[in-house]
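Here the numbering used here is used: the first residue of the sequence shown is 1, the next is one more, and so on.
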Amino acid sequence: MFVDVHCHLSFPDFDNDRHEIIRRLKEQNISLLIDPGTNTETSKRSIELSALHDFIYSTVGLHPHDVRQAVPDQTFCELESLGALPGVVGIGEIGLDYHYHDYHAELQMEAFRSMLRIAKKLDLPAVIHSRDAWEDTLRIIEEEKSSNLRGIMHCFSGNTEIALECIRLGFKISIPGTITYKKSTLPEVVHDIATRDLLTETDAPYLSPVPFRGKRNEPSHVRFVTGKIAEIKEFPLEKIAGIIQRTAHELFSIEEGAQASRQKEQ
Ligand SMILES: [Zn+2]
Ligand SMILES: [Zn+2]
């Protein structure tokens, strides 16, 4: 019923209990989990994890934090071939992050553009990470716009105006656990945009929602995000969860029952 479209379950933070967490997910009604890569290595780990579980999918990406120097063409070639593997449903995370002072905007923008082109070439949705960089993010998406450019704004942190602009450009707004924080302005955004444009995520191991704030985040906590959305939309939780589930399946082209056949193919 619940979907976590962005969870780093393949990160070392889960090395000691990953299996146990995954085992519990079905009881916790998590029907879909997408594990994003952040560079070649983590993308490979994410693909390996997705091959083992029928409700876990991966995306292949190059995180702006991993763009510290010019990225060799070979890296993009490798990421493109990884993106064509079974179980890969998107390209990301990719994007821009100007939050910490030592970022390199030009290099990030160049890598972002190259990765968006891979997403278009492979006809996959893009999973975008944008922090303190909305202007450049939206400009580049606008410039790279094409009929098949689409995706999600993961861990959305903008206002309603930015959200509507992202939706206009073909992107869904993915809401993280920070929506449960007292000072969060996300409830306003959720209130202002249509439920069909929303997705839910944990970004685990980061950003635990209340009541787990400060602790390691887990995919099962996505229910607090869905619950908060249901509360804001004044709509039954099961219905909200159903709409979000359909949006995720549609965007990432995951058919009901496709997971089982995917395992057989491998
Ligand atoms: Zn991110
Ligand atoms: Zn992430």
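Even for Gly, the Cβ is constructed at its ideal location relative to N, Cα and C.
Proximity winner among His-104, Gly-214, Glu-41 and Lys-233, relative to Gly-61 (alpha-carbon distances): Glu-41
Contact test: Cys-155 Cβ vs ligand 1 heavy atom, cutoff 8 Å: yes
Own chain, CB closer than 6 Å to Gln-28, minus 5 neighbours either side, in chain order: Ser-220
CA nearest to the CA of Phe-2, picked from Glu-255, Lys-233 and Phe-224: Phe-224
Unbroken beta strand (DSSP E) run spanning Ile-34, endpoints: 30-36
Assumed close pair Arg-45, Ser-10 - CB separation to whole angstroms, cut-off 8 Å: 4 Å
Thr-247 - partner residues in DSSP beta bridges: Partner(s): none; Thr-247 has no beta bridge.
Which listed residue (Glu-231, Glu-256, Lys-172 and Asn-217) has its alpha carbon closest to that of Arg-18: Asn-217
Residue nearest to Ile-47 in terms of C-alpha spacing, selected from Phe-76, Glu-250 and Ile-91: Ile-91
Cβ distance (whole Å) where Ile-34 is taken to contact His-6 below 8 Å: 6 Å
Nonlocal neighbours in the same chain, by C-beta distance under 7 Å from Thr-178, ignoring five residues either side: Ser-184, Leu-186 and Leu-207
Contact set for Val-222: own chain, Cβ-Cβ below 6 Å, skip 5 residues either direction: Phe-2, Asp-4, Thr-200 and Thr-202
Ile-232, enclosing alpha helix (DSSP H) - first and last residue: 222-233
Beta carbon shell of ligand 2 at less than 6 Å from a heavy atom: His-6, His-8, Pro-36, Glu-93 and Asp-203
His-53 CB to nearest heavy atom of ligand 1 below 8 Å: no
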